[in-house]
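Asks: For the sequence shown, the residue numbers in mature numbering (1 follows the signal peptide of the UniProt record, and there is no 0) are -21 to -1, 1 to 352.
Backbone N, C-alpha and C fix where the C-beta goes; we use that ideal spot for every residue, glycine too.
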Amino acid sequence: MKAAAAGAALLLLLVSALVAAATSILTSSGTPGGGACAITPSTVSSMASTPVAAPASRGAASTLDSEQQTHAALIVQIAMERGLPVRAAVIAVATAMQEAQLRNLRYGHLDSLGLFQQRPSQGWGTPEQILDPRYAITAFYDRLGAVRRWEQLPLTRAAQAVQRSGRPDAYAQWEPLAQRLVDALAGTCVPPIPGETIAAVLAYAHAQLAKPYLWGAEGPYAFDCSGLTMRAYQAAGIVIPRVAADQWRHGPPIPAGQEQPGDLAFFNMQADGPGHVGLVIGNGQMIHAPNRRSVVRIDTYQRRDLISFSRPIARAASTSPIQADRPPRLRPPTARTDRGRTSGERVRLTAWDEVRDTVRTVPLSGGKTLSAG
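1) Can you give me the Cβ contacts of Val274 inside the same chain, cut-off strictly under 7 Å, excluding the 5 residues immediately before and after it?
2) Taking only runs of the alpha helix (DSSP H) that begin and end inside the region 57 to 102, which ones reach a length of at least 4 residues, in chain order?
3) Reducing DSSP to helix, strand and coil, say where Ala186 ends up.
4) Apply the 10 Å Cβ neighbour rule to Thr105 and answer buried if 16 or more other Cβ atoms are within range, or exposed otherwise.
5) Tell me the DSSP secondary structure of Pro191 in three-state form.
6) Considering only residues of the same chain and omitting the five flanking positions on each side of Ser3, which have a CB-CB separation below 7 Å?
7) What's the gap between the Cα of Gly216 and the Cα of Ala182?
8) I'd like to check one pair, Gln226 with Ile233: are the Cβ atoms closer than 8 Å?
9) With DSSP as the reference, label Thr42 as helix, strand or coil.
10) Given that a residue counts as buried once 16 or more other Cβ atoms are within 10 Å of its Cβ, and exposed if not, what is Tyr86?
11) Thinking just about the alpha-carbon of each residue, which of Ala244, Gln237 and Gly236 is nearest to the one in Thr208?
12) Could I get the ranges of all uninterrupted beta strand (DSSP E) runs contained in the region 192 to 249, with 3 residues as the minimum, in chain order?
13) How would you label Tyr200, buried or exposed, when you count the other beta carbons within 10 angstroms and need 16 or more for buried?
14) Look up Ala296 in the DSSP assignment and say whether it is helix, strand or coil.
15) Taking Ala268 as the reference, give the member of Ser289, Pro253, Phe202 and Arg210 with the closest Cα.
16) So, under 8 Å CB-CB, Glu46 and Arg82 are touching, yes? Tell me the CB distance rounded to an integer number of Å.
17) Rounded to the nearest angstrom, what separates Gly124 and Met59 at their Cα positions?
18) Please go through the same chain and pick out, in chain order, the residues whose beta-carbon is closer than 6 Å to the beta-carbon of Gln96, but skip the five residues on each side of it.
19) For Ala140, which residues in the same chain have their Cβ closer than 6 Å to its Cβ, ignoring the five residues on either side in sequence?
20) Once you ignore the five residues that flank Met265 on each side, which residues in its own chain have a CB closer than 8 Å to its CB?
21) Using the rule of at least 16 other Cβ atoms within 10 Å of the residue's Cβ for burial, across every protein chain shown, is Arg290 buried or exposed?
22) Could you work out which residue in Ile70, Asp111 and Gln239 is closest to Arg228 when comparing CA atoms only?
23) Label Ala250 either buried or exposed according to how many other C-beta atoms from any shown protein chain fall within 10 Å of its C-beta, with 16 as the threshold for buried.
24) Could you have a look at Gly257 and say whether DSSP puts it in helix, strand or coil?
25) Do you know offhand how far Ala73's Cα is from Ala151's?
26) Quick check on Glu175: buried or exposed, where buried means 16 or more other Cβ atoms within 10 Å of its Cβ?
27) If you follow the beta strand (DSSP E) that Leu156 is in, where does it begin and where does it stop?
28) Select from Arg146, Leu285, Leu156 and Phe119 the residue whose C-alpha is nearest the C-alpha of Ala235.
29) With DSSP collapsed to three states, give me the class of Gly174.
30) Tell me whether Gln48 is buried or exposed, calling it buried when 16 or more other Cβ atoms sit within 10 Å of its Cβ.
31) Can you tell me which of Trp153, Leu94 and Pro231 puts its alpha carbon nearest to the alpha carbon of Tyr114?
32) Are the CB atoms of Tyr120 and Leu53 within a distance shorter than 8 Å?
33) Ser289 bridges to which residues according to DSSP?
34) Take Leu156 as the anchor and find which of Gln237, Thr42 and Arg122 has the nearest alpha-carbon.
35) What does DSSP give as the partner residue(s) for Ile266 in the beta ladder?
36) Starting from the C-beta of Gly252, find all residues in its chain whose C-beta is less than 6 Å away, skip the five residues before and the five after it, and write them out in chain order.
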């Protein structure tokens, strides 16, 4: 009992020290102006030391001029102000490139106007409102947010759901450019994570140390890598996606060397994105759930397969399909057998309530059954 009490006291002391360090970092090295996020034309100019190539289409210039970059910066800034994931800004920039070459046009097809060629006759607002870039961008995000599961849709489908274009496939050509622009701009406009949020995230993660790894697990008894980071942020009231690849796309990228406690570190690039994620705790270290041969532990993130860092963006927890009072998903492994038409039996192994079940046929004799435990 004395050892357990001493261990708990040591854990509390460690978390308190980390929280104090994280708060100090945020108050001394946040964004300029006490954390204010403002991308200006001068910011864009200093950021764009190398011209951003645009695809040759519809007479587009080979690089983006100052007007186009300023509008792209405003699109990113408003996304950050609204707490939207980076994906929203990528969709908006690609849409504005296709519709108006990122220019605030005072003309268009029929009564279409502005950055997104929005139409007063279709309920987008008055001509004066639509020609205000901030209004037009905000209106685009409002309608995008009303599209069911827009974050999981391909860019073309998400943009088309908002725009109702006659050429829905045309948005795709701008996605690579939009992604590069947003990645560069978002890195100059990253909202700081409040100290109390970092405290909650780190406290939760430290409390999970030494718990086993289990693929698909989201706690409370076991975790996989992204299940751990998702639950840590949920403990602070912030919703982030479930898997590592989606978490990577969710928050603005953080340049190497500027990562802070609470940021996410991503590793092992695969076809659809990173295959592993850890939670930065400071001093080059992270808490993560490595693999099935290990447990939740502290390791360095200075590895050869390190891809990048990102900073989760706060959004209301009520928007998540995951409820805080949901019962634990872990349950003892079970097995069901159903007599098949062959000499084998169909065995369904279920370890989790809603994650990937394994179905396989195992040859058995007599009336024998298979135990998954």
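Replies: Well, looking at it:
1) For the purposes of this step, residue 274 is taken as residue 295 along the sequence shown, with counting starting at 1. Once the five neighbours on either side are set aside, the close Cβ partners of Val274 are Ala189, Lys190, Pro191 and Tyr192.
2) Within the region 57 to 102, the complete alpha helix (DSSP H) runs of at least 4 residues are 65 to 79.
3) Residue mapping note: residue 186 aligns to position 207 of the sequence shown, counting from 1. Here Ala186 sits in helix by DSSP.
4) Sequence index remark: in the sequence shown, residue 105 carries index 126 (1-based). Exposed, because fewer than 16 other Cβ atoms sit within 10 Å of the Cβ of Thr105.
5) Reading the sequence shown from its first residue, position 212 is the one you call residue 191. The three-state secondary structure of Pro191, taken from DSSP, is strand.
6) In the sequence shown, counting from the first residue as 1, residue 3 sits at position 24. At Ser3, the pLDDT of 37 sits below 50, so the modelled position is not reliable; the number obtained from the coordinates is stated separately. Counting only Cβ-Cβ distances below 7 Å, and skipping sequence neighbours, we find nothing.
7) If you number the sequence shown from 1, residue 216 lands on position 237. If you number the sequence shown from 1, residue 182 lands on position 203. When rounded, the distance between both Cα atoms is 13 Å.
8) Counting from one through the sequence shown, the residue named residue 233 turns up at place 254. Counting from one through the sequence shown, the residue named residue 226 turns up at place 247. No.
9) Numbered from its first residue, the sequence shown carries residue 42 at position 63. DSSP places Thr42 in strand when its eight states are reduced to three.
10) Translated into positions along the sequence shown, residue 86 becomes position 107. Tyr86 comes out exposed.
11) Taking the sequence shown and counting its residues from 1, one reaches residue 208 at position 229. Out of Ala244, Gln237 and Gly236, Ala244 has the C-alpha closest to the C-alpha of Thr208.
12) Counting only runs of 3 or more, we get 243 to 249.
13) Position 221 of the sequence shown holds residue 200. Exposed is the call here.
14) In the sequence shown, the residue the question calls residue 296 occupies position 317. The predicted model places Ala296 with a pLDDT of 37, which falls under 50 and marks its position as unreliable; any figure quoted below should be read in that light. Reduced to three states, the DSSP call for Ala296 is helix.
15) Taking the first residue of the sequence shown as 1, we reach residue 268 at position 289. Distance from the Cα of Ala268 is smallest, within the candidate group Ser289, Pro253, Phe202 and Arg210, for Phe202.
16) Here residue 46 is taken as the residue at index 67 of the sequence shown, counted from 1. Here residue 82 is taken as the residue at index 103 of the sequence shown, counted from 1. Rounded to whole angstroms, the Cβ separation of Glu46 and Arg82 is 6 Å, and the two are in contact under 8 Å.
17) One-based indexing of the sequence shown puts residue 124 at position 145. One-based indexing of the sequence shown puts residue 59 at position 80. Taking the straight line from one Cα to the other gives about 14 Å.
18) On the sequence shown, residue 96 is found 117 positions in, with the first residue counted as 1. So the list reads Glu78, Ala79 and Gly87, once near-sequence residues are dropped.
19) Sequence index remark: in the sequence shown, residue 140 carries index 161 (1-based). Cβ within range, chain order: Val126.
20) Counted from its first residue, the sequence shown places residue 265 at position 286. Around Met265: Ala244, Gly257, Leu258, Val259, Ile277, Asp278, Thr279 and Tyr280.
21) Translated into the one-based positions of the sequence shown, residue 290 becomes position 311. With 16 or more other Cβ atoms inside 10 Å of its own Cβ, Arg290 counts as buried.
22) For this step, residue 228 is matched to residue 249 along the sequence shown. Check the Cα spacing between Arg228 and each of Ile70, Asp111 and Gln239: the tightest is with Ile70.
23) In the sequence shown, counting from the first residue as 1, residue 250 sits at position 271. Exposed: under 16 other Cβ atoms inside 10 Å.
24) Here residue 257 refers to the residue found at position 278 of the sequence shown. Reduced to three states, the DSSP call for Gly257 is strand.
25) Taking the first residue of the sequence shown as 1, we reach residue 73 at position 94. Taking the first residue of the sequence shown as 1, we reach residue 151 at position 172. Each residue's alpha carbon lies about 8 Å from the other.
26) Residue numbering aside, residue 175 sits at position 196 when the sequence shown is read from its first letter. Taking every protein chain shown into account, the CB of Glu175 has fewer than 16 other CB atoms within 10 angstroms, so this residue is exposed.
27) To locate residue 156, count along the sequence shown from 1; it is residue 177. Judged by DSSP secondary structure, Leu156 falls outside any beta strand (DSSP E) and instead within the alpha helix (DSSP H) spanning Glu154 to Ala165.
28) Working through the sequence shown from its first residue, we reach residue 235 at position 256. Taking only the C-alpha atoms, the option nearest Ala235 is Leu285.
29) For this step, residue 174 is matched to residue 195 along the sequence shown. DSSP, read as helix, strand or coil, puts Gly174 in helix.
30) Residue 48 sits at position 69 when you count from the first residue of the sequence shown. Buried, because 16 or more other Cβ atoms sit within 10 Å of the Cβ of Gln48.
31) In the sequence shown, residue 114 corresponds to position 135, counting from 1. Per the C-alpha coordinates, the member of Trp153, Leu94 and Pro231 positioned closest to Tyr114 is Leu94.
32) In the sequence shown, the residue the question calls residue 53 occupies position 74. In the sequence shown, the residue the question calls residue 120 occupies position 141. Pairing Leu53 with Tyr120 gives a Cβ-Cβ distance that is not under 8 Å.
33) Counting from 1 along the sequence shown, the entry for residue 289 is found at position 310. Answer by DSSP bridge pairing, in chain order: Pro232 and Leu243.
34) Reading the sequence shown from its first residue, position 177 is the one you call residue 156. The residue among Gln237, Thr42 and Arg122 with its C-alpha nearest the C-alpha of Leu156 is Thr42.
35) Along the sequence shown, one-based indexing puts residue 266 at 287. DSSP lists Leu258 and Ile277 as partners of Ile266.
36) In the sequence shown, residue 252 corresponds to position 273, counting from 1. Scanning its chain for C-beta atoms nearer than 6 Å, with the 5 sequence neighbours on each side dropped, one finds around Gly252 the residues Ala224 and Trp227, in chain order.
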